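Since the structure comes first, as structure tokens, the remarks are kept for the end.
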Amino acid sequence: MISPKTAEAIQEELTGHLRSRVEWDEAPAVFTVHQSDDGSVLLARLPVPESMWSDCGHPPTAVAGLAAVATGLPRYPDGSHLLVRPGVGKLIGAAIRYEAYALSEDSQSPAVREAVRRRGAGGSVPRFEDIPGRIEQRCMTAVDLDGGRYMASSSRIDELELEATEPTVHYLAFGDPRRDSLTGNVVDAAIRFLNAIKPVPTKGAAR
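Heads up: the sequence shown runs through residues 557 to 763, numbered per my numbering.
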């Protein structure tokens with residue numbers, strides 16, 4: 557079970573990772589999330605080829621493809637997956653880092669305000685990256701083995717500068733009635749990947 561303290565540790569690890577980034581236009585990344593015996597949480601980055609991102613062009617599609625490949629890979633005798641690094645702690649989740657664009661309702665840009673209005677009315681909206689005044693963000697979406705969902709983000713303060721805002725994070729536990737408000741292609745891809753690599757119970761296995 558993921559305790560409240562562990563959920564907090566996951567949130568701190570996600571925001572800490574975003575806080576450590578100093579460049580923009582980075583390639584996405586996939587991480588397994590681990591808990592050590594002392595309760596600390598660690599992100600372990602998977603060494604996937606850069607071509608995985610460039611060939612797919614869409615991070616959730618790439619991760620979904622990685623999950624499909626992972627499903628067919630063999631496992632260790634104890635039921636753990638080959639893509640899960642040994643010796644870093646118990647696997648408790650998976651995370652995806654990517655960059656995205658967002659729209660703010662209180663933006664000073666008329667184009668953004670119009671896009672927000674049209675989106676709220678169910679109308680068509682241009683790609684966010686093509687809307688003047690949109691906000692560039694670094695994001696991390698994570699899921700845990702209990703069904704919890706996490707969304708961390710940090711916004712670029714000025715498109716001509718590298719500085720970003722302090723990261724914020726939202727967490728919705730499995731039983732939270734608002735859990736379905738944190739959905740989308742990235743969440744779905746993270747769930748598929750975690751399901752593909754989570755341990756399979758075996759009798760008498762030890763690692």
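From the three backbone atoms N, C-alpha and C, an ideal C-beta is built for every residue, glycine too. Predicted, not measured: the structure shown is a model, and the values here were computed from it.
TODO: Using 10 angstroms around the beta-carbon of Val756, count the other beta-carbons present and answer buried if the total reaches 16, otherwise exposed.
DONE: On the sequence shown, position 200 is the one that residue 756 refers to. Val756 should be labelled exposed.
Open item on the list: Would the segment 560-572 count as touching the segment 633-640 if we require 3 or more Cβ pairs under 8 Å?
Closed with: no
Open item on the list: Here's the rule I'm using: 16 or more other beta-carbon atoms within 10 Å means buried, otherwise exposed. How should Met557 be labelled?
Closed with: Counting from one through the sequence shown, the residue named residue 557 turns up at place 1. So Met557 ends up on the exposed side.
TODO: Would you mind working out which of Leu750, Ser710, Gly703 and Pro630 sits nearest Glu655, comparing C-alpha positions?
DONE: Position 99 of the sequence shown holds residue 655. Of Leu750, Ser710, Gly703 and Pro630, the residue nearest in Cα terms is Ser710.
Open item on the list: I'd like to know whether the C-beta atoms of Phe749 and Ala626 end up nearer to each other than 8 Å.
Closed with: In the sequence shown, residue 749 corresponds to position 193, counting from 1. In the sequence shown, residue 626 corresponds to position 70, counting from 1. In this structure, Ala626 lies closer than 8 Å to Phe749 by Cβ.
Task: Ala752 and Ala585 closer than 8 Å at C-beta - done: As a working mapping, residue 752 is identified with position 196 in the sequence shown. As a working mapping, residue 585 is identified with position 29 in the sequence shown. No, they are not a contact pair.
TODO: Could you have a look at Lys561 and say whether DSSP puts it in helix, strand or coil?
DONE: As a position in the sequence shown, residue 561 is number 5, starting the count at 1. Of the three classes helix, strand and coil, the one that applies to Lys561 here is helix, per DSSP.
- [ ] Please state if the CB of Glu692 and the CB of Tyr657 are separated by a distance shorter than 8 Å.
- [x] Here residue 657 corresponds to residue number 101 of the sequence shown, with the count starting at 1. Here residue 692 corresponds to residue number 136 of the sequence shown, with the count starting at 1. Taking C-beta atoms as the reference points, Tyr657 and Glu692 count as a pair closer than 8 Å.
TODO: Determine the contact status of Ile652 and Val742, defining contact as a CB-CB distance below 8 Å.
DONE: The sequence position of residue 652 within the sequence shown is 96, counting from 1. The sequence position of residue 742 within the sequence shown is 186, counting from 1. Going by C-beta atoms, Ile652 is nearer than 8 Å to Val742.
Open item on the list: I'd like to check one pair, Gln591 with Gly645: are the Cβ atoms closer than 8 Å?
Closed with: Counting from 1 along the sequence shown, the entry for residue 645 is found at position 89. Counting from 1 along the sequence shown, the entry for residue 591 is found at position 35. For Gly645 and Gln591, yes; Cβs fall inside 8 Å.
TODO: Check Tyr727 in the structure and name its three-state DSSP category.
DONE: Indexing the sequence shown from 1 puts residue 727 at position 171. Tyr727: strand per DSSP, three-state reduction.
TODO: Compute the Euclidean distance between the alpha carbons of Val699 and Ala620, then round it to the nearest angstrom.
DONE: As a first step, residue 699 must be located in the sequence shown, where it is residue number 143. As a first step, residue 620 must be located in the sequence shown, where it is residue number 64. Spanning the two alpha carbons is a distance of roughly 14 Å.
- [ ] Could you check how far apart the C-beta atoms of Ile713 and Glu722 are, in whole angstroms? I think they sit under 8 Å.
- [x] As a working mapping, residue 713 is identified with position 157 in the sequence shown. As a working mapping, residue 722 is identified with position 166 in the sequence shown. Going by Cβ atoms, the distance from Ile713 to Glu722 rounds to 11 Å, so no, they are not a contact pair.
- [ ] With a 10 Å radius around its C-beta and 16 neighbouring C-beta atoms as the bar for buried, classify Leu599 as buried or exposed.
- [x] Locating residue 599 in the sequence shown gives position 43, where the first residue counts as 1. Its Cβ being crowded by 16 or more others within 10 Å, Leu599 is buried.
TODO: Determine the direct distance from the alpha carbon of Leu716 to that of Thr697, and round the result to whole angstroms.
DONE: Position 141 of the sequence shown holds residue 697. Position 160 of the sequence shown holds residue 716. Straight-line Cα distance between these residues: approximately 26 Å.
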